[in-house]
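Asks: Mind looking over this structure? Questions follow.
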Amino acid sequence: MKNLSRPFFSLCICFLPFLAFAQQNSAREIGLKINSLDNLDLAFLYKKQVGDQTYRRFDLGVTNFTLANIGDGGAGNLFLAFSIAREKRRPVNDKLRFVTGTGWIVNVSALGSGDFNATTIDTGIGLLFGAHYTLSDKFYIGAEITPTITLGGTFGDNGFQNLNLRGQFNSQSVQLSIVHRF
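Numbering-wise (the numbering used here), the sequence shown opens with residue 2 and increments by one.
Below is the structure:
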């Protein structure tokens with residue numbers, strides 16, 4: 002009996018961190034977001050509650066993808082966007098919440114056309130202003146505006162080509178989303 006008590010006690014010690022993790026009752030959310038009203042650029046959302054009415058959110062989207070004349074003389078363009086933000090919610094009533102926040106943004110664009118290749122990398126900050134309307138306990142829809150300012154550079158076949166400073170606050174800053182809570 003003494004031989005079994007030590008492994009059993011060791012096994013219980015190993016599971017203590019998992020029990021503590023299981024007691025955390027943080028809400029999580031996943032969703033789809035339309036990044037632009039000009040076309041249907043989709044992004045995926047993941048949000049995790051980190052405090053009272055405070056969420057950490059991760060957005061990942063392929064906002065532009067083009068292939069033309071596939072083959073040796075073809076051209077292609079790919080634009081990826083990633084952001085991590087802190088989202089604070091302020092309830093107005095049972096169904097409506099205002100949302101504010103700040104986030105860090107990284108955009109990567111790759112262009113290839115014949116003998117020319119270029120990659121642009123931008124990073125910056127964005128402000129988040131919006132509203133969420135609750136449809137049910139598990140779903141809500143959102144409308145958000147995200148003005149951004151980014152700094153980046155373009156690199157091509159001949160090395161560094163130019164430096165970009167961009168500010169964006171237009172129809173492409175409007176985002177519509179549907180989100181599922183679990």
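Glycine included, each C-beta is placed from N, C-alpha and C at the ideal position.
Residues in the same chain with beta-carbon distance under 6 Å from residue 91, minus the five sequence neighbours each way, listed in chain order, please.
Replies: 99
Asks: By DSSP, does residue 183 sit in helix, in strand, or in coil?
Replies: coil
Asks: Leaving out five residues before and five after residue 106 in sequence, what residues of the same chain have Cβ atoms less than 8 Å from its Cβ?
Replies: 82, 83, 84, 123, 124, 125, 126, 127, 149, 151
Asks: I think residue 88 touches residue 102, with their Cβ atoms under 8 Å apart; what is that distance to the nearest whole Å?
Replies: At roughly 4 Å, the Cβ-Cβ gap stays under 8 Å, so residue 88 and residue 102 are in contact.
Asks: Straight-line CA distance for residue 53 to residue 176?
Replies: 24 Å
Asks: Which residue marks the beginning of the beta strand (DSSP E) containing residue 50, and which one marks its end?
Replies: Counting along the chain, the beta strand (DSSP E) containing residue 50 begins and ends at 43 to 52.
Asks: Taking the C-alpha atoms as reference points, what is the distance between residue 142 and residue 160?
Replies: Straight-line Cα distance between these residues: approximately 44 Å.
Asks: Quick check: the Cα distance between residue 104 and residue 35, rounded to an integer number of angstroms?
Replies: Roughly 18 Å between the two C-alpha positions.
Asks: Check whether the Cβ atoms of residue 57 and residue 63 lie closer than 8 Å to each other.
Replies: Residue 63 is positioned such that its CB atom lies no closer than 8 Å to that of residue 57.
Asks: Compare the beta carbon distance of residue 32 and residue 133 with 8 Å and say whether it is the shorter of the two.
Replies: no
Asks: Do residue 118 and residue 157 have their beta-carbon atoms positioned less than 8 Å apart in this structure?
Replies: yes
Asks: Do residue 46 and residue 60 come within 8 Å of each other at the CB atom, strictly closer than that value?
Replies: yes
Asks: Could you tell me the distance, in whole angstroms, from the CA atom of residue 95 to the CA atom of residue 114?
Replies: 52 Å
Asks: Rank 28, 78, 121, 135 by C-alpha distance to the C-alpha of residue 205 and give the top, closest one.
Replies: What the structure shows of the chain is the stretch from 2 to 183, and residue 205 is not part of that stretch, so it cannot be assessed.
Asks: Evaluate residue 49 with the Cβ neighbour count: other Cβ atoms within 10 Å of its Cβ, from every protein chain shown; 16 or more gives buried, anything less gives exposed.
Replies: exposed
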